[in-house]
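In what follows, a single structure is set out as structure tokens and then discussed.
Number of protein chains: 2
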Amino acid sequence: MAFNIPETDQKRVVIIGAGFGGLKLARKLKRSNFQVVLIDKNNFHQFQPLFYQVATAGLEPSSISFPLRKMFQKSDSMFIRLSKVERIDHEQKRIYAELGYLNYDYLVSALGATTNYYGNEELQRNTLPMKSIGEALLLRNTILTHFEKSISTRSYSERQKLIDVVVVGGGATGVEVAGALGEMKKYILPKDYKELSSKEVDIYLVHSGARLLPGMSEKASRDAEQFLVELGVHVIKNTRVTSCDGEYAYTNDNRKIEAKKVIWAAGIVCPKLAGTPDAALGKGNRLKVNSLLEVEGMPDVFAIGDQALVSDREDLPFGHPQVAQVAIQMAKVLAANLKNGDRAKWKPFRYKDLGSMATVGRNRAVCDLPKFKFSGFFAWLTWLFVHLMALVGVKNKVFVFINWFWSYITYDQSLRLIIRAERDTPQV
Amino acid sequence: MAFNIPETDQKRVVIIGAGFGGLKLARKLKRSNFQVVLIDKNNFHQFQPLFYQVATAGLEPSSISFPLRKMFQKSDSMFIRLSKVERIDHEQKRIYAELGYLNYDYLVSALGATTNYYGNEELQRNTLPMKSIGEALLLRNTILTHFEKSISTRSYSERQKLIDVVVVGGGATGVEVAGALGEMKKYILPKDYKELSSKEVDIYLVHSGARLLPGMSEKASRDAEQFLVELGVHVIKNTRVTSCDGEYAYTNDNRKIEAKKVIWAAGIVCPKLAGTPDAALGKGNRLKVNSLLEVEGMPDVFAIGDQALVSDREDLPFGHPQVAQVAIQMAKVLAANLKNGDRAKWKPFRYKDLGSMATVGRNRAVCDLPKFKFSGFFAWLTWLFVHLMALVGVKNKVFVFINWFWSYITYDQSLRLIIRAERDTPQV
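Heads up: the sequence lines are chains A and B, in that order. Counting from -4, one number per residue, gives the positions in the first sequence under this note's numbering. Counting from -4, one number per residue, gives the positions in the second sequence under this note's numbering.
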């Protein structure tokens, strides 16, 4: 059965994924002559850079999410559908999803990337990912539940397993979550869990490379590591977590770390839709595109964001970094091209690197701007400002600002709630 | 095994339940000479009067919840435990819970009340309760998911089942949730779901009695009903929903209402702990207490709040109403009594009725104060003020206020998010 969407004279652009890229594209096209169909698993856009604050109970999910429908209330040729896309038939120009099939004139794949376990099923089962709001909330609930259990546990070893955390992966996600956990250990635990000796809580950051934040400058790596060490995080470099049984994490250099909670932030991979020709797939399942963002061998199919691997540029053997700015800039170029009927005049994508940054707890961040690298308090203010401005929705900005301000002056938050959407009344 | 709580010279007061009664009692005792153990299933206090706003996406769960540990950070002889209490052994003065057993000197049962299905298992399976934050969130997710499904449904009958809602029970909860759904139909749906004709959405409020809000004045009942009708809610009185199969709700006068969503707010019952002598149980499993709140036949066991049925007062054949104010006032009296070593000087509980109120959508509420009954805009402002002041936590007050203000000026909210704490990454 087909999607319940009217067939009109307008050309139809189908966008799969409402992340940074998909959302920006939809917003750019909402007043165009296209019929736009935006498909996502969720009914909201999620602001991924702040997942780690949801996981560590610093922000609410709703503060970093924005309902898609509200964003497009005034666009009449915009259709939003919650569905999981399963297959592309690029010869028929049609996609298949849970809701049925849908024909397209242009298809834009903006599926982003998900957690990469490198095929290790045990790791996938026994570690906690953090690539969605739902996963960040699950992590929050797990952290809080483990602390609750720990104070009723008399066995020393069992208690260590409940309170210690291993973070795998020293990219921005790993560094930021380790920093937030370090803050929690320092400021929250001694107050909330007086029965626990917060000194007993160990936070490990295990990173396979020689330096943290490999995408950033050497200065940023060095400073971030120092900030983490100051927060009491054990930084272990040049080491891989190779397995994890839910009680211990095991490393390639034969360490055995006691911890039930292993946060997996050690790599990403793109989801692969059935029907994608092998020739179109690059490393990590990214879709090979030319500089016009057209997917190789799939006419009128485009890819943007983490999924897009620009492969006609000799100066970029690995494509662009898989970050929000690339996705947003690609969306802008693609929107302008699609709106320009004359394909000969389409413009190639050129990435303008605006810099990158990561925060490590209170008052500390590292920033690499194109012409200026700095870290510490001023970098932290920059980080706050940039992230606040990037959030969708005025109210979200206001709420995140108040939350941050509150945390800053009180050293504490009141969001440590273990909430699940479920029936409390026992089913008979 | 015993709870992991130190045995000291202090007398131990065990409070089961951190609702209005249990929480107030714990706060009153936190600087006393008692060792206090507060046990709840959740790690937070939840503000029940606003559950309906969480369910209808007007407020966030975190705005009406407050973490228990944060509240008692400065109390050294206060112990908080997350556990489900299973049994009382009042002869041994001991309770049994998931975490083990715990001896008490004084036990206070403040378990509140849960949804009453009157033994009808089909109703319990196929209707949605709203007696906890988790249940309110489940209801929110269900409402939003059904709207999403409805726009992809071509069958008229199937669509009606997805968009129509039956609310069972015309007490404050039923009236308030029906009002909020009416608002949603009027202001939100036409904007968010343009593909849907919002006129097709029917909201039914089915009430067994002759007038809504039976606990309030006749004027309040009449005005509340009129406000609901103005919002387009179908009010059906003198009627009971007798069964519900997930597709239709059936009533005792042979109506058959097409609706997958039936919200059950038609009665409450107290949970019954094993070990409670039958003689101590009154109607709806309430615990019979004297005016000192001592449970009949269970020495040193007290009950407060919804659970307490004061049965030594001839003027009160049905005890006190099961509302927050009674719980709070009982907690205050009991705290003062417990702190007074001389049992002969303990004071009996006397309820001071401060009035009751209910709101029906924007700008409308009904208020019964002891000397003054009024409804409309001023009643609504009173309702807002009273509820804002009653919330625990300054930040919660601020956030709820901003949310309400925002809703008021924009006629819209940005909280319509379907979020679940779960893994998105498919498990292998």
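Even glycine gets a Cβ: it sits at the ideal position worked out from N, Cα and C. Note that this is a predicted model, so its numbers are computed, not measured.
What residues are listed by DSSP as bridge partners for Gln30(B)? What you label residue 30(B) is simply residue 35 of the second sequence in a count that begins at 1. Gln30(B) is bridged to Arg7(B).
Distance, Cα to Cα, Gly336(B) vs Val31(B)? Counting from one through the second sequence, the residue named residue 336(B) turns up at place 341. Counting from one through the second sequence, the residue named residue 31(B) turns up at place 36. So the alpha carbons of these two residues sit roughly 16 Å apart.
The region 38 to 46 of chain B touching the region 11 to 18 of chain B, judged by at least three CB pairs closer than 8 Å: Between the region 38 to 46 of chain B and the region 11 to 18 of chain B there are three or more C-beta pairs closer than 8 Å, enough to call the two in contact.
So which residues of chain A does Ser127(B) contact, with C-beta pairs closer than 7 Å? The residue given as residue 127(B) occupies position 132 in the second sequence. In chain order: Asp419.
Collapsed DSSP secondary structure at Val196(A) in the structure displayed: Position 201 of the first sequence, counted from the start, is the residue given in the question as residue 196(A). The three-state reading of DSSP puts Val196(A) in coil, since its state is none of H, G, I, E or B.
Which chain B residues sit within Cβ distance under 9 Å of Val393(A)? What you label residue 393(A) is simply residue 398 of the first sequence in a count that begins at 1. Near Val393(A) (Cβ distances below 9 Å), the residues of chain B are Ile397, Trp401.
Hey, could you find the ends of the beta strand (DSSP E) Lys255(A) is sitting in? Taking the first residue of the first sequence as 1, we reach residue 255(A) at position 260. No beta strand (DSSP E) contains Lys255(A), which DSSP labels as neither H nor E.
At a Cβ threshold of 8 Å, is Asn(-1)(B) touching chain A? Working through the second sequence from its first residue, we reach residue -1(B) at position 4. Yes, its Cβ sits closer than 8 Å to a Cβ of chain A.
State yes or no: is the beta carbon of Ala416(B) nearer than 8 Å to at least one beta carbon in chain A? Position 421 of the second sequence, counting from 1, holds the residue named residue 416(B). The C-beta of Ala416(B) comes closer than 8 Å to at least one C-beta of chain A.
Does the CB of Pro56(A) have a neighbour CB from chain B at under 8 Å? Start at 1 with the first residue of the first sequence, and residue 56(A) comes out as number 61. Yes, Pro56(A) lies at the interface with chain B (some Cβ there is under 8 Å from its Cβ).
Who are the near neighbours of Leu446(B) in its chain, counting only those whose CB is closer than 6 Å to its CB and skipping five residues on each side? As shown, chain B starts at -4 and ends at 423. That puts residue 446(B) outside it, with no answer to give.
Determine the contact status of Lys327(B) and Lys19(B), defining contact as a CB-CB distance below 8 Å. By 1-based counting over the second sequence, the position of residue 327(B) is 332. By 1-based counting over the second sequence, the position of residue 19(B) is 24. Yes, the pair counts as a contact, with Cβ atoms nearer than the cut-off.
Run through DSSP, which three-state label would Val423(A) get? Residue mapping note: residue 423(A) aligns to position 428 of the first sequence, counting from 1. Unreliable placement is indicated for Val423(A), whose pLDDT of 46 sits below 50; the coordinate value is still reported in the next sentence. In the structure shown, Val423(A) sits in coil (DSSP, three-state: anything other than H, G, I, E or B).
If I measure Cβ to Cβ from Ser216(A) and keep anything under 7 Å in the same chain, skipping five residues before and after, which residues do I get? The residue given as residue 216(A) occupies position 221 in the first sequence. Counting only Cβ-Cβ distances below 7 Å, and skipping sequence neighbours, we find Arg206, Leu207, Leu208.
Which residues in the same chain as Met(-4)(A) place their Cβ atom closer than 7 Å to its Cβ, once the five residues preceding and following it in sequence are excluded? In the first sequence, residue -4(A) corresponds to position 1, counting from 1. Only residues of its own chain outside the window of five on either side were considered, and among them Gly95 have a CB closer than 7 Å to the CB of Met(-4)(A), listed in chain order.
From which residue to which residue does the alpha helix (DSSP H) around Leu18(B) run? Here residue 18(B) refers to the residue found at position 23 when the second sequence is read from its first residue. Secondary structure note for Leu18(B): its alpha helix (DSSP H) is the uninterrupted segment 15 to 24.
By DSSP, does Ile397(B) sit in helix, in strand, or in coil? Within the second sequence, the letter at position 402 stands for residue 397(B). Three-state result, Ile397(B): helix.
Top-ranked residue by Cα proximity to Phe400(A), from Pro1(A), Tyr47(A), Leu54(A): Numbered from 1 along the first sequence, position 405 holds the residue referred to as residue 400(A). In terms of Cα proximity to Phe400(A), the closest of Pro1(A), Tyr47(A), Leu54(A) is Leu54(A).
Could you tell me how far apart the beta carbons of Ile128(B) and Ile414(A) are, in whole angstroms, since I believe they sit closer than 8 Å? As a working mapping, residue 128(B) is identified with position 133 in the second sequence. As a working mapping, residue 414(A) is identified with position 419 in the first sequence. Indeed, because the Cβ distance is near 6 Å, the residues count as touching under 8 Å.
Using a Cβ-Cβ cut-off of 8 Å, state whether Ile413(A) counts as contacting chain B. As a first step, residue 413(A) must be located in the first sequence, where it is residue number 418. By this cut-off, Ile413(A) is an interface position.
Could you say which of Cys265(A), Gly166(A), Ile10(A), Thr246(A) lies nearest to Asn98(A) if we only look at CA atoms? Translated into positions along the first sequence, residue 98(A) becomes position 103. Selected option, being the one with the closest Cα: Ile10(A).
In chain B, which residues lie with their C-beta within 9 Å of the C-beta of Leu77(A)? Here residue 77(A) is taken as the residue at index 82 of the first sequence, counted from 1. Chain B residues near Leu77(A): Thr140, Glu143, Lys144, Ser147, Ile413.
To the nearest angstrom, report how far apart Gly241(A) and Arg64(B) are at their CA atoms. Counting from 1 along the first sequence, the entry for residue 241(A) is found at position 246. Counting from 1 along the second sequence, the entry for residue 64(B) is found at position 69. C-alpha separation (whole angstroms): 27 Å.
Would you mind working out which of Asn332(B), Val160(B), Ser370(B) sits nearest Val8(B), comparing C-alpha positions? Numbered from its first residue, the second sequence carries residue 8(B) at position 13. For Val8(B), the nearest C-alpha among the options comes from Asn332(B).
Can a CB atom of chain B be found closer than 8 Å to the CB of Leu157(A)? In the first sequence, counting from the first residue as 1, residue 157(A) sits at position 162. Output row for Leu157(A): interface = no.
Which residue marks the beginning of the alpha helix (DSSP H) containing Asn332(A), and which one marks its end? Stepping through the first sequence from its first residue, residue 332(A) is reached at position 337. Counted as a single uninterrupted DSSP element, the alpha helix (DSSP H) harbouring Asn332(A) occupies residues 319 to 334.
Quick one, are the C-beta atoms of Gly177(A) and Leu223(A) less than 8 Å apart? In the first sequence, the residue the question calls residue 177(A) occupies position 182. In the first sequence, the residue the question calls residue 223(A) occupies position 228. With contacts defined by Cβ atoms closer than 8 Å, Gly177(A) and Leu223(A) form a contacting pair.
What did DSSP end up calling Glu81(A) once you bin it into helix, strand or coil? As a working mapping, residue 81(A) is identified with position 86 in the first sequence. Three-state result, Glu81(A): strand.
Check whether chain A comes within 8 Å of Leu386(B), counting only Cβ atoms and requiring the distance to be less than that. Translated into the one-based positions of the second sequence, residue 386(B) becomes position 391. Cβ-Cβ to chain A under 8 Å: no for Leu386(B).
Quick check on the DSSP output: the alpha helix (DSSP H) that includes Val185(B) runs from which residue to which? As a first step, residue 185(B) must be located in the second sequence, where it is residue number 190. A quick correction: the sequence has Pro, not Val, at residue 185(B). Unbroken alpha helix (DSSP H) run through Pro185(B): 184 to 187.
Please classify Asp71(B) as buried or exposed, where buried requires at least 16 neighbouring CB atoms within 10 angstroms. Counting from 1 along the second sequence, the entry for residue 71(B) is found at position 76. So Asp71(B) ends up on the exposed side.
What does Asn136(A) touch in chain B if you count any residue whose Cβ is under 8 Å from its own? Indexing the first sequence from 1 puts residue 136(A) at position 141. Result: Ala416.
With three or more C-beta pairs closer than 8 Å as the rule, is the region 140 to 155 of chain A touching the region 180 to 195 of chain A? The region 180 to 195 of chain A is in contact with the region 140 to 155 of chain A.
Checking contacts by CB at 8 Å: is Asn98(A) closer than that to chain B? Residue 98(A) sits at position 103 when you count from the first residue of the first sequence. Closer than 8 Å: no.
Coarse secondary structure for Thr377(A), derived from DSSP in three states: Your numbering for residue 377(A) matches position 382 in the first sequence. Reduced to three states, the DSSP call for Thr377(A) is helix.
Pair every Cβ in the region 82 to 89 of chain B with every Cβ in the region 302 to 321 of chain B, then say whether three or more of these pairs are closer than 8 Å. They do not touch, by the three-pair rule.
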